[in-house]
Amino acid sequence: MPDIGTAKIIIMASDGFEQVELTTPKEQLEKAGATVHVATPDGGEITGWYFDRWGDKIPGDLKISDVNLGDYDAMVLPGGQINPDVLRTDETAVAKIRDFAATGKPLAAICHAPWLLIEADLVRGKRLTSYHSIRTDLKNAGADVVDEQVAIDGNLITSRNPDDLDAFCKAVIDAVETKAQAA
């Protein structure tokens, strides 16, 4: 596994995130050596959604509004139906996503999280994938939608669902490593 030991990665989420779409990337990124912080709307703990029921509570490290984008080498947006639907109505969260995308650093979204990319007006003309039920939303927002484990277009990394987590995490790690080598 590549070593991204100097990297800092921010995961933004709210209650209702798909549990494995936050915990698996966090674990794999930390295993690769990265420091991973979880930003939540109020900086406190959030409760996951575990496939068909409420899941575990995950502590937040800081408020979304307090995230200094310059401190981070990548941003990960977990899915779940509730989490991205909540965050896309949070102007601060959407602005952080839009501003982070403008840095050119890896911005990764899985499952329903590409809703946030739509809200941040980042998808037009981009080759993306997502959970099947929001692909029409991506198309209507101007994305070139594909049905693949991972789609990478510039600094945007998207994936479909929990079954794709290993490929998603590998793509994020590879992108962070590549960006670090280019610096």
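Take the position in the sequence shown, starting the count at 1, then add 2; the result is the number in our numbering. For each residue, glycine too, the CB sits at the ideal point set by N, CA and C.
State the Cα-Cα distance for the pair residue i and residue j, rounded to the nearest angstrom.
{"i": "Tyr187", "j": "Ile60", "result": "One cannot answer for residue 187 here, as it falls past the ends of the chain, which runs 3 to 185."}
{"i": "Gly45", "j": "Asp87", "result": "18 Å"}
{"i": "Thr25", "j": "Gly127", "result": "30 Å"}
{"i": "Gly106", "j": "Asp54", "result": "35 Å"}
{"i": "Asn163", "j": "Tyr133", "result": "6 Å"}
{"i": "Gly144", "j": "Gly82", "result": "22 Å"}
{"i": "Asp166", "j": "Ala110", "result": "13 Å"}
{"i": "Pro27", "j": "Trp56", "result": "19 Å"}
{"i": "Ala97", "j": "Leu119", "result": "11 Å"}
{"i": "Asp189", "j": "Glu23", "result": "Residue 189 cannot be examined here, being either before or after the span of the chain that is shown, 3 to 185."}
{"i": "Lys33", "j": "Ile66", "result": "24 Å"}
{"i": "Glu121", "j": "Leu79", "result": "13 Å"}
{"i": "Asp92", "j": "Asp17", "result": "13 Å"}
{"i": "Ala185", "j": "Ile6", "result": "13 Å"}
{"i": "Asp68", "j": "Val147", "result": "33 Å"}
Kindly indicate which residue of the options has the alpha-carbon position closest to the one of residue i.
{"i": "Asp149", "options": "Thr138, Thr94, Gly7", "result": "Thr138"}
{"i": "Ala153", "options": "Asp5, Ile136, Leu130, Asn142", "result": "Leu130"}
{"i": "His39", "options": "Asn163, Leu64, Glu47, Asp58", "result": "Leu64"}
{"i": "Leu158", "options": "Ala169, Leu124, Ile136, Asp168", "result": "Leu124"}
{"i": "Asp75", "options": "Ala145, Arg162, Ile12", "result": "Ile12"}
{"i": "Leu89", "options": "Ile48, Ala169, Gly57, Ala104", "result": "Ile48"}
{"i": "Glu179", "options": "Gly35, Ile136, Ala41, Pro116", "result": "Gly35"}
{"i": "Pro116", "options": "Ala15, Ser67, Thr37", "result": "Ala15"}
{"i": "Ile99", "options": "Gln151, Lys181, Asn70", "result": "Asn70"}
{"i": "Pro37", "options": "Phe102, Val147, Met77", "result": "For the sequence presented, residue 37 should be read as Thr rather than Pro. For Thr37, the nearest C-alpha among the options comes from Met77."}
By the 10 Å Cβ neighbour count, where 16 or more other Cβ atoms means buried, how is residue i classified, buried or exposed?
{"i": "Lys1", "result": "Outside the modelled stretch of the chain, which goes from 3 to 185, sits residue 1, for which no answer is possible."}
{"i": "Gln30", "result": "buried"}
{"i": "Ala95", "result": "buried"}
{"i": "Thr42", "result": "buried"}
{"i": "Ser135", "result": "exposed"}
{"i": "Gln21", "result": "buried"}
{"i": "Ala9", "result": "buried"}
{"i": "Thr160", "result": "buried"}
{"i": "Ala173", "result": "buried"}
{"i": "Gly156", "result": "exposed"}
{"i": "Ala104", "result": "exposed"}
Where in the stretch 91-168 do unbroken runs of the alpha helix (DSSP H), each at least 4 residues long, occur, reported from the N-terminal end onward? Correct list: 93-104, 116-121, 137-142.
What are the complete alpha helix (DSSP H) segments, minimum 4 residues, inside the stretch 11-95? Runs of the alpha helix (DSSP H) inside the stretch 11-95: 21-33, 84-89.
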